[in-house]
Structure formats: structure tokens, C-alpha cells
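Residue numbering for the sequence shown follows my numbering, starting at 116 and increasing by one per position.
A short worksheet on the structure shown next.
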Amino acid sequence: MMHARPPVLSADPTSPFPDIPAGNPEACAAPVIAVGGDLDPRRLLNAYRHGIFPWYGPGSPIIWWSPHPRCVLPVAAFRASRRFRRQMRHPDLRLTVDHAFAAVVAACAVPRRAGDESWIVPEMAYAYRRLHEAGHAHSLEVWQGEALIGGLYGVLLGRLFFAESMFTRAHGGSKIALYALLRIMAELGAPFIDCQLPNPHLLRLGAMTLPRDVFLALGRELTAARPRRPWPVRLPPAAALSG
């Protein structure tokens, strides 16, 4: 089936996004919702509230996505193995929240393989730093001694965390950050975190996919809901999360 060319967004960052087609998801499954516009914080927050996120590469116009199906990771899905729990009890391991946001984004922007290009282009990194400064974007950091060995970042609205990217510099670094995030979100009353697109690693951790219509309906409820408690500025020791 040929899909219509996606609309171009207005230069006004407060302008609305096009309506996402409803009905039969298989017939309306085009993932690209719009192109153009900018990464103004007002536009970004509006996008996330409507289940839309930016994703594009160097030299490309901004592309706005809302994929079908949508990948989510239920907060109760992650099962920590005995080996993983032992790793979290390492005496040099510690976790922080929003302690090194820019460093986490920079680490996530490093290409995974030689020759690859990162989608976290400089204007993307700057846009999420602005969201972080406004209290909407957050990071989790995993440290071994003074070395940053893993982390993740994303956007929190209400009871829904939109995970953007994660990285690891040592075995298990990103997995520890993800496990800590799931524990936090369970306390905030969230049923799942948004992972956008499925991949084998996420599916092995317990991720699942939802039809886009279902995700959008849940997203409207969760982003408007008040968390059970504020986003934490401190985390317990990693060993305490291993119990």
C-alpha cells in the first residue's frame, strides 16, 4: 500500500501535530506522522503527550514518528537473575539520578559500531538538555568508583517514562540503569515504560508490543495522571535494589 507523503509542520512550535489515523491499525500503520518543524521544548512535550517522538540522522530534516506496534516494557517484567543481583551488590557500584545528564546523552550518542552514524545529532542533544533543565527529561547513571559505566535518559510526563537511549561501558551497565528505572516507575504508579521500537534485547528482558491505538489511549491517561510521589532526586544504594 502506498502511503501519502507526511505533512510538513508549521514553524510555530505551538502548532498541533496532524491527527494520527485511527481504525484498523494495519491499514493506518505508517509510522512517520510529520516532518520538519523544530525541537523547541513546547513542540517536544506536545509530541510526547500524543505518542510522537523525533528520530532522524545527520543531514536529514526532523522526522516525527508514532510506530505501530509500539514497544513497552512492563515494570514487573524484568526478572533479575542471581548473577545480576550479585553484580548490583558490588561495593564500588552506585546509582545516581540526574547527576550527569549531559554526560549520559553524550555517551548514548557514541556510535555502537565503527562507521555507524548516531541519530543523537548535536541539535537533538541540545534539545533534550533544555528539557532536562526544565525538569522534564531525566537520566540514571551507574558508577563503578568514579567511572561512569552505564546509564539511560528519557522524558517523564505524569506516570509515563519515554525511554530515549541507554549505553554501557562495562558488562551490565545499561541493564542496571534500566532495572533501577523500572523500580522507580513502579513506585510512581506506572504500568510500563515506553521503549518505542522493539529489538531482540528488549524482548528478552520482557518487553511486549501494543497496537498503536491502545498505546495512544493509555498514553493519554498516564501522561495526565499525577505520580504517586515526585521523581526521586536520590536513589538507595544499588545493593538495596537487588533485594
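In this text, a Cβ means the ideal position worked out from N, Cα and C, and glycines have one as well.
It should be emphasised that the depicted structure is a prediction, and the values quoted were computed from it without experimental measurement.
| message | Can you find the residues in the same chain that come closer than 7 Å, C-beta to C-beta, to A249, ignoring five residues on each side of it along the sequence? | response | Sequence index remark: in the sequence shown, residue 249 carries index 134 (1-based). These residues qualify, in order along the chain: P156.
| Nonlocal neighbours in the same chain, by C-beta distance under 8 Å from A222, ignoring five residues either side | Within the sequence shown, the letter at position 107 stands for residue 222. Around A222: L263, G266, F282 and R284.
| query | In three-state DSSP terms, what is G265? | reply | Here residue 265 refers to the residue found at position 150 of the sequence shown. Looking at G265 - three-state DSSP - the assignment turns out to be strand.
| query | Beta carbon of M300, beta carbon of R274: below 9 Å? | reply | Stepping through the sequence shown from its first residue, residue 300 is reached at position 185. Stepping through the sequence shown from its first residue, residue 274 is reached at position 159. Yes, these two residues count as a Cβ contact at 9 Å.
| field | Cα-Cα separation, G287 to A126 | value | Here residue 287 is taken as the residue at index 172 of the sequence shown, counted from 1. Here residue 126 is taken as the residue at index 11 of the sequence shown, counted from 1. About 42 Å.
| said: Rounding to the nearest angstrom, what Cα-Cα distance links H183 and P146 in this structure? | reply: Stepping through the sequence shown from its first residue, residue 183 is reached at position 68. Stepping through the sequence shown from its first residue, residue 146 is reached at position 31. Taking the straight line from one Cα to the other gives about 6 Å.
| field | Classification of V241 by the beta-carbon crowding that lies within 10 angstroms, buried from 16 upward | value | As a working mapping, residue 241 is identified with position 126 in the sequence shown. It is worth fixing the name first, because residue 241 is Tyr in this sequence and not Val. Its Cβ having fewer than 16 others within 10 Å, Y241 is exposed.
| Completely contained alpha helix (DSSP H) runs for the segment 267-337, where each covers 4 or more residues | 288-303 and 315-319
| task | Using alpha carbons as the reference points, say which of F168, L293, L303 and V212 lies closest to M239. | result | As a first step, residue 239 is located in the sequence shown; it is residue number 124 there, counting from the start. Measuring from the Cα of M239, the nearest candidate turns out to be F168.
| query | Looking at C-beta atoms only, is the number of pairs between the segment 292-312 and the segment 127-138 that lie closer than 8 Å three or more? | reply | no
| Straight-line Cα distance separating G166 from L331 | If you number the sequence shown from 1, residue 331 lands on position 216. If you number the sequence shown from 1, residue 166 lands on position 51. Roughly 6 Å between the two C-alpha positions.
| message | Using CA atoms only, rank isn't needed, just tell me which of L320, T338, L356 and S254 is closest to C186. | response | Along the sequence shown, one-based indexing puts residue 186 at 71. Of the candidates L320, T338, L356 and S254, the one whose C-alpha sits nearest the C-alpha of C186 is L320.
| Cβ neighbours of Y163 in the same chain (closer than 8 Å, five flanking residues each side left out) | Taking the first residue of the sequence shown as 1, we reach residue 163 at position 48. Excluding sequence neighbours, Y163 sits near V270, L272, F277 and T338.
| Cα separation between N161 and A353? | Indexing the sequence shown from 1 puts residue 161 at position 46. Indexing the sequence shown from 1 puts residue 353 at position 238. For N161 and A353, the distance between alpha carbons rounds to 34 Å.
| Hey, G172 and V236: beta-carbon distance below 9 Å or not? | Counting from 1 along the sequence shown, the entry for residue 172 is found at position 57. Counting from 1 along the sequence shown, the entry for residue 236 is found at position 121. Yes, Cβ-Cβ distance for G172 and V236 is below 9 Å.
| field | Residue from V123, L188, A149 and L124 whose Cα sits closest to the Cα of P315 | value | In the sequence shown, counting from the first residue as 1, residue 315 sits at position 200. For the residues V123, L188, A149 and L124, the minimum Cα distance to P315 belongs to L188.
| task | Within the same chain, show all residues whose beta-carbon is closer than 8 Å to that of E232, passing over the 5 residues directly before and after it, in chain order. | result | On the sequence shown, residue 232 is found 117 positions in, with the first residue counted as 1. Contacts found: G172, P173 and P226.
| said: Tell me the rounded alpha-carbon separation between F199 and I291. | reply: As a working note, residue 199 is residue 84 in the sequence shown. As a working note, residue 291 is residue 176 in the sequence shown. Distance between the alpha carbons of F199 and I291 is about 8 Å.
| field | Cα-Cα separation, P326 to Y268 | value | Position 211 of the sequence shown, counted from the start, is the residue given in the question as residue 326. Position 153 of the sequence shown, counted from the start, is the residue given in the question as residue 268. If I take the Cα positions, the gap works out to 24 Å.
| task | Check each candidate in L154, P121 and S130 and name the one with the smallest Cα separation from I148. | result | In the sequence shown, the residue the question calls residue 148 occupies position 33. That would be P121, whose Cα lies nearest to the Cα of I148.
| query | Could you give the C-beta distance for S254 and A215, rounded to a whole number, given that I count them as a contact under 8 Å? | reply | Stepping through the sequence shown from its first residue, residue 254 is reached at position 139. Stepping through the sequence shown from its first residue, residue 215 is reached at position 100. About 7 Å separates the two Cβ atoms, so the contact holds.
| field | Sheet register partners of A149 (DSSP bridge) | value | Counted from its first residue, the sequence shown places residue 149 at position 34. Looking at the DSSP assignment, A149 forms a beta bridge with W179.
| What's the call for V219, buried or exposed, on a 16-neighbour Cβ count within 10 Å? | Reading the sequence shown from its first residue, position 104 is the one you call residue 219. V219 is buried by the Cβ-count criterion.
| query | Between L297 and T324, what straight-line distance do the alpha-carbon atoms span, to the nearest angstrom? | reply | The count along the sequence shown starts at 1 and reaches residue 297 at position 182. The count along the sequence shown starts at 1 and reaches residue 324 at position 209. Roughly 17 Å between the two C-alpha positions.
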